[in-house]
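This note's numbering numbers the first residue of the sequence shown as 29 and each following residue consecutively. As structure tokens, the structure follows; a few thoughts come after it.
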Amino acid sequence: MSNNNDRLDRIEAVVESLSRSVLAITNDHQQRIHTIENVEAVVESLARSVEALTNDNQQRSQTMEEVEAVVQSLARSVEAIANDHGERIQRMEEVVNRVTRVEEGLTRMLIAIDDDRPTILRKLNTIENKLDSLLEGNQNN
29 MSNNNDRLDR
39 IEAVVESLSR
49 SVLAITNDHQ
59 QRIHTIENVE
69 AVVESLARSV
79 EALTNDNQQR
89 SQTMEEVEAV
99 VQSLARSVEA
109 IANDHGERIQ
119 RMEEVVNRVT
129 RVEEGLTRML
139 IAIDDDRPTI
149 LRKLNTIENK
159 LDSLLEGNQN
169 N
């Protein structure tokens with residue numbers, strides 16, 4: 029029986045050792061599950077951060093596109109204003125040239141009138157003298 033008791037003791041020792049091993053493996057397994065859960069939580073947090081950054085980048089990209097569209101629109105407006113301004117300057121130069129030509133024509137006309145003035149005065153004097161003589165002739169009659 030002693031042999032049986034020894035066997036029984038050994039079996040109990042083996043069972044106890046196996047129980048401790050199973051307990052240790054279970055604890056290790058639970059720690060690994062806990063670690064995996066922590067890693068999953070970190071991965072989910074990183075995924076949310078990446079998604080937020082992606083959304084932020086998309087919004088910034090959209091905002092940048094809107095800014096580029098506004099800048100292009102402003103550039104077209106400035107170009108149109110510059111073209112209009114250039115056309116107005118050209119028209120003003122044409123007007124100034126026409127006014128200058130009119131002024132030169134008036135100057136030539138005034139000079140011509142001054143040159144003709146003695147002739148006109150002589151003709152007026154002649155007409156005046158004829159009228160005077162006609163009036164005197166009518167008064168004498």
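Don't be surprised by glycine CBs; every beta carbon is placed ideally from N, CA and C. Quick caveat: nothing in here was measured; it's all calculated off a predicted structure.
Taken atom to atom, the span from the alpha-carbon of residue 127 to that of residue 160 is near 45 angstroms.
In this structure, the CA atom of residue 46 is about 25 angstroms from the CA atom of residue 63. Inter-residue distance for residue 67 and residue 53 is about 20 angstroms (C-alpha atoms, whole angstroms). Distance from the CA of residue 96 to the CA of residue 88, rounded to the nearest whole angstrom, comes to 12 angstroms.
The alpha-carbon of residue 51 is positioned some 37 angstroms away from that of residue 76.
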